[in-house]
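S.K.: Chains as they are written, first to last, in this note's numbering: chain A, 5 to 202; chain B, 5 to 202. Quick reminder that beta carbons are idealized off the backbone N, C-alpha and C, glycines included. Take a look at the following structure, please.
Protein chains: 2
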Amino acid sequence: MQSAPAIQKLLDELERLPGVGPKSAQRMAYWILNSDRATALRLAQAIVEVKDTVHFCSRCFNYAEDDLCEICRSTSRNQQLLCVVSEPRDIPPIERTAVFQGVYHVLGGALSPMDGIGPDDLRIPQLMQRLGSEDIREVVLATNPNVEGETTAAYLARLIKPLGIKVTRLASGLPVGGDLEFADEVTLGRALEARRVL
Amino acid sequence: MQSAPAIQKLLDELERLPGVGPKSAQRMAYWILNSDRATALRLAQAIVEVKDTVHFCSRCFNYAEDDLCEICRSTSRNQQLLCVVSEPRDIPPIERTAVFQGVYHVLGGALSPMDGIGPDDLRIPQLMQRLGSEDIREVVLATNPNVEGETTAAYLARLIKPLGIKVTRLASGLPVGGDLEFADEVTLGRALEARRVL
Numbered sequence: 005m006q007s008a009p010a011i012q013k014l015l016d017e018l019e020r021l022p023g024v025g026p027k028s029a030q031r032m033a034y035w036i037l038n039s040d041r042a043t044a045l046r047l048a049q050a051i052v053e054v055k056d057t058v059h060f061c062s063r064c065f066n067y068a069e070d071d072l073c074e075i076c077r078s079t080s081r082n083q084q085l086l087c088v089v090s091e092p093r094d095i096p097p098i099e100r101t102a103v104f105q106g107v108y109h110v111l112g113g114a115l116s117p118m119d120g121i122g123p124d125d126l127r128i129p130q131l132m133q134r135l136g137s138e139d140i141r142e143v144v145l146a147t148n149p150n151v152e153g154e155t156t157a158a159y160l161a162r163l164i165k166p167l168g169i170k171v172t173r174l175a176s177g178l179p180v181g182g183d184l185e186f187a188d189e190v191t192l193g194r195a196l197e198a199r200r201v202l
Numbered sequence: 005m006q007s008a009p010a011i012q013k014l015l016d017e018l019e020r021l022p023g024v025g026p027k028s029a030q031r032m033a034y035w036i037l038n039s040d041r042a043t044a045l046r047l048a049q050a051i052v053e054v055k056d057t058v059h060f061c062s063r064c065f066n067y068a069e070d071d072l073c074e075i076c077r078s079t080s081r082n083q084q085l086l087c088v089v090s091e092p093r094d095i096p097p098i099e100r101t102a103v104f105q106g107v108y109h110v111l112g113g114a115l116s117p118m119d120g121i122g123p124d125d126l127r128i129p130q131l132m133q134r135l136g137s138e139d140i141r142e143v144v145l146a147t148n149p150n151v152e153g154e155t156t157a158a159y160l161a162r163l164i165k166p167l168g169i170k171v172t173r174l175a176s177g178l179p180v181g182g183d184l185e186f187a188d189e190v191t192l193g194r195a196l197e198a199r200r201v202l
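In structure tokens form, the structure reads like this:
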């Protein structure tokens, strides 16, 4: 493609975004070229601003603009209930359920011996320190239901249980609205094992 | 979602992009948050730069950084062969075929009485002026094969033919690699009408 260099540079940068291939990068680039200057600059400004103002919450390591994130600053959250997640991006889906009213701790990843990620590469020391200094009664392990997430959950459970704190894990089972026919064996097996009396 | 305001602002701006819904905006926002500052700022800078440096080619109305676009500046193109397209985004797919060696004219849309877009809203006067002043032997009408594109092509053909210039239209037919079984009736009808002797 014989593009102006500035367009080519924009295409290159857009293609770095997750889920954006050459075709969608081109659609976005033409949208930016077609849009009025103010709209395009608002996008550029939002990118700059997020890098300038957002950092990690000093307590839970969620994204925050101030020293503490909005959840840690809130006075309506149950401070005795702590949910451990791998990444900040895992918090919004949990918040959307409106079921969890406690606070969070973000590990910044999951244990993965294959990738050389051990306990010291995650914010596990900071978690243990919080469990020592804060009055936490229950830790919900909400790492992903995959190999790394399960390994991390098992490791943390062994570490936290001796402190006399209740440790729970997100339930595995059939997704609501899902189809039994299309469930994989592992999920269906877990759903059977965890069957409830009605 | 209880996001920091800067993250929410970025999500709002990303969602304006074509083909980007709430989920992909969130993936992109987290990618930007996770990436190092330099990478994120390169994207912001590319957006600013494209708005600052790219405008329309004064001859063909393709996107250009200088007065003329790269195609109009090229000395290796056939200046007697002119391809008329609706939008600048229609040029890269034609260039990628490497079949067309002429120059372009971008109309900036297509005739659409329904949307109130008439000949004066497109760069048709500029096209007629080029046909009067440049030595053009053939005009290839490469507007889209839909109602507006066909209307525009028919209108331009009526306007240009009296000047004694050869007017051609992109062929309609079955897409190469396509399946006859899944071809729509109109396309298959066109392919039959335009059948070639072997």
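1. By the DSSP assignment, the alpha helix (DSSP H) with C76(A) in it spans what residues?
2. Starting from E69(A), find everything on chain B with Cβ-Cβ shorter than 9 Å and list it in chain order.
3. Can you list the residues of chain B that T57(A) reaches, using a CB-CB cut of under 7 Å?
4. When DSSP labels each residue in this structure, what does M5(B) get in the three-state scheme?
5. Does the beta-carbon of L111(B) have 16 or more other beta-carbons within 10 angstroms, so that it is buried, or is it exposed?
6. The alpha helix (DSSP H) with K27(A) in it runs from where to where?
7. Among A195(B), N150(B) and H109(B), whose alpha-carbon lies nearest the alpha-carbon of L115(B)?
8. Alpha helix (DSSP H) containing L163(A): first to last residue?
9. For E17(B), would you say it is in contact with chain A, using Cβ-to-Cβ distances shorter than 8 Å as the test?
10. Suppose you measure from the CA of A175(B) to the CA of A161(B); what does that come to, to the nearest Å?
11. Which residues of chain A have a Cβ atom closer than 7 Å to the Cβ of S28(B), listed in chain order?
12. Who are the Cβ neighbours of E152(B) in its own chain at under 7 Å, not counting the five residues just before and after it?
13. Which runs of the beta strand (DSSP E) fall wholly inside the region 47-102 of chain A and span at least 3 residues, in chain order?
14. Sort I95(A), P129(A) and V52(A) by Cα distance to V107(A) and report the nearest one.
15. Using a threshold of 8 Å, state whether the C-beta atoms of E69(A) and A8(B) are closer than that.
16. Compare the beta carbon distance of L18(A) and A29(A) with 8 Å and say whether it is the shorter of the two.
17. Below 9 Å on C-beta distance, what does A44(B) contact in chain A?
18. Compare the Cα-Cα distances from R20(A) to each of I11(B), R200(B) and A50(B) and report the closest residue.
19. Please classify T147(B): is it buried, with 16 or more other beta-carbons within 10 angstroms of its beta-carbon, or exposed?
20. If distances are taken between C-alpha atoms only, which option among G23(B), I128(B) and L37(B) comes closest to Q12(B)?
21. Between M118(B) and chain A, is any beta-carbon pair separated by less than 8 Å?
22. Check each candidate in E99(A), L178(A), D119(A) and G182(A) and name the one with the smallest Cα separation from G246(A).
23. Can you tell me whether I121(A) is helix, strand or coil according to DSSP?
24. Between V24(A) and A42(B), what straight-line distance do the alpha-carbon atoms span, to the nearest angstrom?
25. With a CB to CB cut of under 6 Å and the five nearest residues on each side skipped, what residues in its chain are close to K170(B)?
26. Do you know whose CA, among L86(B), L72(B) and V52(B), lies nearest D139(B)'s CA?
27. Using the beta-carbon count (16 or more within 10 Å), is F65(A) buried or exposed?
M.R.: Reading off the structure:
1. E74 to R77
2. A8, P9, A10 and I11
3. A10
4. Since pLDDT at M5(B) reaches only 45, below the 50 mark, its modelled position is unreliable, and no value is offered.
5. buried
6. P26 to N38
7. N150(B)
8. Secondary structure note for L163(A): its alpha helix (DSSP H) is the uninterrupted segment V151 to I164.
9. yes
10. Spanning the two alpha carbons is a distance of roughly 15 Å.
11. G23
12. A114, L115 and S116
13. Runs of the beta strand (DSSP E) inside the region 47-102 of chain A: 85-89.
14. I95(A)
15. Going by C-beta atoms, E69(A) is nearer than 8 Å to A8(B).
16. yes
17. I51, V52, V54 and K55
18. Closest by alpha carbon: A50(B).
19. Result: buried.
20. L37(B)
21. Answer no: the Cβ-Cβ gap between M118(B) and chain A never drops below 8 Å.
22. Given that chain A is displayed from residue 5 to residue 202, the structure contains no residue 246(A) and the question cannot be resolved.
23. strand
24. 19 Å
25. E142
26. L86(B)
27. buried
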